[in-house]
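*Asks:* In UniProt numbering, the protein residues as written are 1 to 454. Okay, handing you the structure first.
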Amino acid sequence: MATLATAPTAAMVPRVPIPPKGVDYRNKIVLAPMVRSGELPSRLLALKYGADLVWGPETVDKSLIGAERRINPRNGTVEFTRMPSNGGRPDKAVKESIIYRLDPVREKGRLVFQMGTANPDLAVQAARVVAADVSGIDVNSGCPKPFSTHSGMGAALLRTPDLLVSILEALVKEVGEPFQIGISVKIRILSDPEETKTLVSRLVKTGITGLTVHCRTTPMRPRERAIRDQLRMIAEICHEAGVACVMNGDVTSRDEGLALMTEYGVDGAMIATAAESNSSCFRTKADGGLAPWQEVVHEYMCLCMEVENRMANTKYLLNNLIPGKNKEFNNAKMAKTYLDICRALKFDDLLPAAVRTDELLGLAEKWEKAPDQPADVQSKETKTKAVRDAMESESARAAGGAGGRVKAAAPVAHAGGPVRRASAPRPKVAAVNAEQPAVEATASQTQTQTQVTA
Ligand SMILES: Cc1cc2nc3c(=O)[nH]c(=O)nc-3n(C[C@H](O)[C@H](O)[C@H](O)COP(=O)(O)O)c2cc1C
């Protein structure tokens with residue numbers, strides 16, 4: 001058609017097509033993949049404050065293969081679970097672990113799953129487990145930790161480009177095409193720009209839709225300033241091949257990210273540590289800018305309780321979100337239960353939700369002081385019935401790949417449910433432990449094994 005001849009120059013720039021269920025990384029300010037700090041509540045927090053896309057924490061391929069998909073009937077989240085090995089000890093009880101959790105509604109079209117892998121076959125098998133629930137699969141080729149590099153994963157892949165290329169090509173063909181989602185890679189710069197150039201030139205020909213470059217070399221520590229002098233060159237190679245280029249390293253806010261994108265000619269910017277300290281960095285100045293930490297933490301606690309986040313993980317990000325100088329809030333950092341955290345932070349409106357979440361997660365035994373609000377005064381039988389109901393609907397859950405979002409229970413923040421008096425007997429949490437807390441208790445262990453910090 002005549003319009004083709006007169007089409008604007010921008011339309012001539014080649015672009016690897018974005019698959020129908022994938023997502024374009026262009027013009028996006030995104031949350032970085034972060035083990036521990038990138039679990040579901042912090043991703044939802046980043047999205048709430050304006051992140052365009054969120055990367056999940058690196059998850060090792062083998063940990064996901066064979067995982068079961070299920071929907072949590074209380075909040076509609078999708079959970080990938082598996083039974084961990086008991087280390088060959090038949091006497092040792094094994095409990096189900098949640099390997100990965102996502103929100104099919106709030107993260108829809110915005111979640112990129114990041115994988116740790118050093119094997120194309122395993123990468124494909126693992127990616128197939130989550131592919132229908134995410135918008136993209138990203139390969140971590142930047143983690144410098146020995147845990148990752150010893151097994152050939154992470155930054156080790158920068159030194160084995162043939163392997164990295166074969167992993168990306170396999171994912172594009174075996175997962176990206178059938179599931180209609182994009183495949184991408186996250187790398188670090190190499191100290192010799194020519195080597196970076198050679199590597200990137202190969203990666204962009206694999207069919208990937210996006211490449212993120214962490215502007216530090218593998219030996220560089222996080223505190224060292226990011227080096228941006230290779231960025232324009234990398235962006236140019238990406239653009240010639242039609243691949244989106246996302247920059248990462250010392251980007252501290254959406255406003256700064258947008259300015260850097262213009263300065264360096266890249267397509268997007270990724271934020272990690274600034275979001276760990278205050279997720280509202282994704283909000284522009286014009287929209288209010290950085291929110292006070294109390295507001296961010298309140299929001300974070302709501303989300304943690306809503307998605308039944310395990311306590312150890314909740315506290316990990318909480319310790320980053322509460323500024324270190326605030327001695328007044330040390331009690332919150334020391335607390336072991338949602339109730340005690342909310343009390344220490346004086347989040348009185350969240351106390352009923354905290355009680356319910358602690359009961360669900362089997363944390364009530366650790367309360368420093370039992371709840372004493374008048375509304376909480378109920379018999380043990382009534383209280384345990386509320387929890388029992390939740391567990392019964394859990395056992396009736398839809399398992400496997402089928403099933404849409406189950407209508408979520410009322411947000412936990414408003415669904416406190418009855419709790420006991422201080423004088424009432426302690427609940428038999430064993431009944432509750434039968435499923436949910438067990439899952440959470442072992443999740444921390446599994447995550448240490450399967451998710452590594454880059
Ligand atoms: C707690 C933490 C966990 C991280 N986990 C991952 C990860 O799972 N995968 C990955 O590619 N990078 C990981 N990173 C690296 C970040 O994604 C990012 O590349 C790095 O922090 C540089 O960005 P920044 O300067 O904005 O912090 C992690 C960083 C932190 C602080």
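For each residue, glycine too, the CB sits at the ideal point set by N, CA and C.
Return no unless some Cβ of chain B is closer than 8 Å to the Cβ of P19.
*Replies:* You won't find chain B in this structure, because it holds only one protein chain.
*Asks:* Let me confirm a value: V60 is counted as buried when at least 16 other C-beta atoms fall within 10 Å, else exposed. Which label applies?
*Replies:* buried
*Asks:* Any idea what DSSP makes of A272, helix, strand or coil?
*Replies:* It is coil, neither helix nor strand.
*Asks:* For M12, count neighbouring C-beta atoms within 10 Å of its own C-beta (all shown protein chains included) and say buried if the count is 16 or more, exposed if not.
*Replies:* exposed
*Asks:* Ignoring anything shorter than 3 residues, give me the beta strand (DSSP E) runs that lie fully in the segment 327-363, in order along the chain.
*Replies:* The beta strand (DSSP E) runs lying completely inside the segment 327-363 and spanning 3 residues or more number zero.
*Asks:* Any idea if V105 is buried or exposed, counting beta-carbon neighbours within 10 angstroms, 16 or more meaning buried?
*Replies:* V105 counts as exposed, since fewer than 16 other beta carbons sit within 10 angstroms of its beta carbon.
*Asks:* Please confirm whether S97 and R74 have their CB atoms less than 8 Å apart.
*Replies:* no
*Asks:* Between the segment 22-33 and the segment 291-307, do three or more beta carbon pairs fall short of 8 Å?
*Replies:* Touching, no, given that fewer than three Cβ pairs across the two stretches are closer than 8 Å.
*Asks:* Spatial neighbours of A46 within its chain, please: CB distance less than 7 Å, with the 5 preceding and 5 following residues excluded, ordered by chain position.
*Replies:* L31, V54, A275, S279 and F282
*Asks:* Which two residues bound the contiguous beta strand (DSSP E) that contains L102?
*Replies:* S97 to L102
*Asks:* Quick one: Cα of L122 to Cα of I65, how far?
*Replies:* Their Cα atoms are separated by approximately 8 Å.
*Asks:* Given this structure, state the Cα-to-Cα distance separating G268 from A370, to the nearest angstrom.
*Replies:* 48 Å
*Asks:* Are the CB atoms of R43 and T77 within a distance shorter than 8 Å?
*Replies:* no
*Asks:* Taking the alpha-carbon positions, what's the P17 to D229 distance?
*Replies:* Using only the alpha carbons, I get a separation of about 29 Å.
*Asks:* Could you check what DSSP says for V251 in three-state terms: helix, strand or coil?
*Replies:* coil
*Asks:* Closest to residue 518 by C-alpha separation, out of G207, F179, E169 and C238, would be which residue?
*Replies:* Nothing about residue 518 can be read from this structure; the chain reaches only from 1 to 454.
*Asks:* Which residues mark the beginning and the end of the beta strand (DSSP E) in which K186 is found?
*Replies:* G182 to R188
*Asks:* Might you give, ordered along the chain, the residues of its own chain that have their beta carbon closer than 6 Å to the beta carbon of M261, omitting 5 neighbours on each side?
*Replies:* Hits under 6 Å: A269.
*Asks:* Which whole-angstrom value describes the C-beta separation of T357 and E308, a residue pair presumed to lie in contact below a C-beta threshold of 8 Å?
*Replies:* 6 Å
*Asks:* Report yes if the C-beta distance between residue 488 and L168 is below 8 Å; otherwise report no.
*Replies:* Residue numbering for the chain in the displayed model covers 1 to 454; residue 488 lies beyond these limits and cannot be assessed.
*Asks:* When every heavy atom of ligand 1 is checked, does at least one fall within less than 7 Å of the C-beta of P366?
*Replies:* Residue identity differs from the one stated: residue 366 is Lys in this sequence, not Pro. For ligand 1, not one heavy atom lies less than 7 Å from the Cβ of K366.
*Asks:* Can you tell me which of the three DSSP states V60 falls into?
*Replies:* strand
*Asks:* In this structure, how does DSSP classify D267 when only helix, strand and coil are distinguished?
*Replies:* Assigned with DSSP and collapsed to three states, D267 falls in coil, not helix or strand.
*Asks:* Give a yes or no on contact between the segment 336-347 and the segment 109-119, applying the rule of three or more CB pairs nearer than 8 Å.
*Replies:* Judged by Cβ distances under 8 Å, the segment 336-347 makes no contact with the segment 109-119, as fewer than three pairs qualify.
*Asks:* Return helix, strand or coil for R69, following the three-state DSSP convention.
*Replies:* strand
*Asks:* Compute the Euclidean distance between the alpha carbons of G176 and A118, then round it to the nearest angstrom.
*Replies:* Rounded to whole angstroms, the separation of the alpha carbons of A118 and G176 is 18 Å.
*Asks:* Using beta-carbon positions only, say whether S184 and L163 come within less than 8 Å of one another.
*Replies:* no
*Asks:* Give me the residue from L321, T284, V130 and V266 with the minimum Cα distance to R70.
*Replies:* V130
*Asks:* Is any heavy atom of ligand 1 found at a distance shorter than 7 Å from the C-beta of N326?
*Replies:* no
*Asks:* So, helix, strand or coil for L111, using DSSP?
*Replies:* Strand at L111.
*Asks:* Taking just the CA atoms, how far does R188 sit from A235?
*Replies:* 14 Å
*Asks:* Applying the criterion that 16 or more other CB atoms from any shown protein chain within 10 Å of the CB defines a buried residue, is H214 buried or exposed?
*Replies:* buried
*Asks:* Do you know how far the Cα of S148 is from the Cα of I99?
*Replies:* 17 Å
*Asks:* Relative to the C-alpha of Q294, which residue among A364, F329 and A353 is closest?
*Replies:* With distances taken between Cα atoms, Q294 lies closest to F329.
*Asks:* So what's L31 in DSSP terms, helix, strand or just coil?
*Replies:* strand
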